[in-house]
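Step one of this worksheet: look at the structure below.
Number of protein chains: 2
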Amino acid sequence: MATKTNTAVKTTHLTRQLIIDAALKLAKEAGVENLSIRKVALRLGVTPMALYRHFNNKEELLSFALEAFIARANVIPEEDSPWEEWVQHVGRKMYVALCSDYSWVRILGYVRVGAEAAEVTDAFVSKLTSVGFTISQAVRAYFAVIQTVFGAVCLRASMSSDSAASKEGQLSSTTRAYLEQANLDRLQIAPELDKITRMDQIDLGLPMIISALKRDLQSVK
Amino acid sequence: MATKTNTAVKTTHLTRQLIIDAALKLAKEAGVENLSIRKVALRLGVTPMALYRHFNNKEELLSFALEAFIARANVIPEEDSPWEEWVQHVGRKMYVALCSDYSWVRILGYVRVGAEAAEVTDAFVSKLTSVGFTISQAVRAYFAVIQTVFGAVCLRASMSSDSAASKEGQLSSTTRAYLEQANLDRLQIAPELDKITRMDQIDLGLPMIISALKRDLQSVK
DNA sequence: ACCTGAACACCGTTCAAGT
DNA sequence: ACCTGAACACCGTTCAAGT
Numbered sequence: 002m003a004t005k006t007n008t009a010v011k012t013t014h015l016t017r018q019l020i021i022d023a024a025l026k027l028a029k030e031a032g033v034e035n036l037s038i039r040k041v042a043l044r045l046g047v048t049p050m051a052l053y054r055h056f057n058n059k060e061e062l063l064s065f066a067l068e069a070f071i072a073r074a075n076v077i078p079e080e081d082s083p084w085e086e087w088v089q090h091v092g093r094k095m096y097v098a099l100c101s102d103y104s105w106v107r108i109l110g111y112v113r114v115g116a117e118a119a120e121v122t123d124a125f126v127s128k129l130t131s132v133g134f135t136i137s138q139a140v141r142a143y144f145a146v147i148q149t150v151f152g153a154v155c156l157r158a159s160m161s162s163d164s165a166a167s168k169e170g171q172l173s174s175t176t177r178a179y180l181e182q183a184n185l186d187r188l189q190i191a192p193e194l195d196k197i198t199r200m201d202q203i204d205l206g207l208p209m210i211i212s213a214l215k216r217d218l219q220s221v222k
Numbered sequence: 002m003a004t005k006t007n008t009a010v011k012t013t014h015l016t017r018q019l020i021i022d023a024a025l026k027l028a029k030e031a032g033v034e035n036l037s038i039r040k041v042a043l044r045l046g047v048t049p050m051a052l053y054r055h056f057n058n059k060e061e062l063l064s065f066a067l068e069a070f071i072a073r074a075n076v077i078p079e080e081d082s083p084w085e086e087w088v089q090h091v092g093r094k095m096y097v098a099l100c101s102d103y104s105w106v107r108i109l110g111y112v113r114v115g116a117e118a119a120e121v122t123d124a125f126v127s128k129l130t131s132v133g134f135t136i137s138q139a140v141r142a143y144f145a146v147i148q149t150v151f152g153a154v155c156l157r158a159s160m161s162s163d164s165a166a167s168k169e170g171q172l173s174s175t176t177r178a179y180l181e182q183a184n185l186d187r188l189q190i191a192p193e194l195d196k197i198t199r200m201d202q203i204d205l206g207l208p209m210i211i212s213a214l215k216r217d218l219q220s221v222k
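Keeping their order, the protein sequence lines are chains A and B.
Take the first sequence: its position 75, counted from the start at 1, is 76 in this note's numbering, and no numbers get skipped.
Take the second sequence: its position 109, counted from the start at 1, is 110 in this note's numbering, and no numbers get skipped.
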């Protein structure tokens, strides 16, 4: 009671963890694209320059924030299931989490496969080796899944106006752009294109990756 | 001869095409991350606000620039080859082009599958249908490839310091981050992880996509 | 119709100084 | 050792005005 509660934060030493927490909170409230060093500092009741003691620059802060975001998305399923379902679940969860705020897409190229996210790597590899994959295959599978998730998020973000929200009976804006210069071939292709722009992009690539993995497994056995 | 050559540009009406050309030139010279409305305008000898007549905002300009960049990367092979090789070639070319400047990764989420890039779509679909795929399968295959390319670019960008340039005999920085908290399992996984961080990421996902497509084709026949 | 100029409300990052 | 304050060199975008 001797210390005022509003100074409690200030007397606590600033740590990487505190900064990342504040950044993730701000991202949730106002979107990743609104993150700025100055706003995170303001939220922490500190000068912008104080953050530079813990991160070399904004990019580094964002890459740690993205890692923490993925680690906290709880992508690893609790129940045990056949590996195909299991992998599908992990990929889907990552995709859904990242799609919850499309502006994560801006920093996908900064991802750190470091300490926090490493636990996801471990769980993934251990699941796949337990059903017969080699370590090498399991690690490659993990990267293939991340790759597909990231690509799917990029596509979904770019076509976010095309997704379910768009009016039924109307062509998606991607389809309309495609038909700016229309010909007979395009008229045949357009309906298929339109269907795909409305899909969850992850359902395109992920099943293909899993099908390829299944083949790998059979050739090992 | 009556008009001075240096006013020639100014008397020409500003068009979307001119703006995109200038933007791509600047991107090539100084990186996509250095693109700004103000710099593009300066290059064109015009006020920043003049660009707003042709694009609603910076994001829209960038999405058109990315589309033009992909369209001009000449990803469609000239010679005819088996479809597996052909698809591999298209994916690789896109990947290499986008990796030539990692900062394209920032705008992958703005991609327009519109008019200019549509010619790539057409060529892709026509190649695949000519060997027996349905239109639906061909369009899905196209999106799966783009997805993989985009994901691979994200991963490569985030690990750019890990690629071939890094000293031999040293662990990649991604591997080092993974081993921040080391245990027996991680010591087994780390060598495989290290190998993969040095790979061209596209060689991970793309062969899997192609292998899955091969299966699809067989089940149609 | 098309472009300009000035202004607004922000940025990331530097450097030197404080305690 | 850790944080602050002031300043620098930029941004995207607005609005009203010019021709």
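We put the beta carbon where it would ideally sit given N, CA and C, even for glycine.
Query: Local conformation of residue 73(B) per DSSP, three classes; Result: coil
Query: Closer than 8 Å at the beta carbon, the chain B residues around residue 155(A); Result: 109, 110, 112, 148, 151, 152, 155
Query: Cut-off 6 Å between Cβ atoms - residues of its own chain near residue 109(A), not counting five sequence neighbours on either side; Result: 151
Query: Cβ contact (3+ pairs, closer than 8 Å) linking the segment 134 to 153 of chain B and the segment 202 to 216 of chain A; Result: yes
Query: Contact belief for residue 142(A) with residue 134(A) at Cβ below 8 Å, rounded distance in angstroms; Result: 7 Å
Query: Sequence-distant residues of the same chain with beta carbon closer than 6 Å to residue 184(A), five excluded per side; Result: none
Query: Residue-chain proximity (residue 48(B), chain A), Cβ-Cβ < 8 Å; Result: no
Query: Same chain, Cβ closer than 6 Å to residue 38(B), neighbours up to 5 away in sequence not counted; Result: 49, 52, 59
Query: Closer than 8 Å to chain A by CB, residue 96(B); Result: no
Query: Span separating the alpha-carbon of residue 16(B) from that of residue 137(A); Result: 52 Å
Query: Pick from 54(B), 88(B), 117(B) that is closest to residue 72(B), judged by C-alpha positions; Result: 117(B)
Query: Distance CB(residue 66(A))-CB(residue 99(A)) smaller than 8 Å; Result: no
Query: Assigned secondary structure, residue 90(A) (DSSP; H/G/I helix, E/B strand, else coil); Result: helix
Query: Alpha-carbon spacing of residue 164(A) relative to residue 172(B), whole angstroms; Result: 42 Å
Query: Where residue 145(B) falls: helix, strand or coil (DSSP); Result: helix
Query: Residue 115(B): contacting residues in chain A (beta-carbon distance under 8 Å); Result: 175, 178, 179, 181
Query: Where the alpha helix (DSSP H) containing residue 25(B) begins and where it ends; Result: 17 to 31
Query: Residue-level contact to chain B via CB, residue 219(A), 8 Å cutoff; Result: no
Query: 8 Å contact criterion, which residue 113(B) and residue 178(A) should meet: CB distance rounded; Result: 6 Å
Query: 8 Å Cβ cutoff, residue 144(A) in contact with chain B; Result: yes
Query: Within the segment 97 to 171 of chain B, ranges of the beta strand (DSSP E) (whole runs, at least 3 residues); Result: none
Query: Residue 46(B) versus residue 29(B) - alpha carbon distance; Result: 19 Å
Query: Beta-carbon spacing of residue 76(A), residue 94(A) below 8 Å; Result: yes
Query: Check whether residue 140(B) and residue 193(A) have beta carbons under 8 Å apart; Result: yes
Query: Residues near residue 158(A) in its chain [Cβ-Cβ closer than 6 Å; skip 5 each side]; Result: 103, 106
Query: Minimum Cβ-Cβ distance from residue 82(A) to chain B less than 8 Å; Result: no
Query: Status (buried if at least 16 other CB within 10 Å, exposed otherwise) for residue 62(B); Result: buried
Query: Beta-carbon gap between residue 213(A) and residue 220(B) smaller than 8 Å; Result: no
Query: Interface flag, residue 193(B) vs chain A, CB-CB below 8 Å; Result: yes
Query: Proximal residues to residue 218(B) (C-beta, below 7 Å), its chain only, five neighbours per side dropped; Result: 133, 134
Query: Nearest-angstrom Cα separation, counted from residue 64(B) out to residue 57(B); Result: 11 Å
Query: With 16 other Cβ atoms within 10 Å as the buried cut-off, status of residue 129(A); Result: buried
Query: Distance, residue 33(A) Cα to residue 23(A) Cα; Result: 12 Å
Query: Residues near residue 5(B) in its chain [Cβ-Cβ closer than 7 Å; skip 5 each side]; Result: Reliability of the predicted coordinates at residue 5(B) is poor, the pLDDT of 30 falling under 50, and no value is obtained from them.
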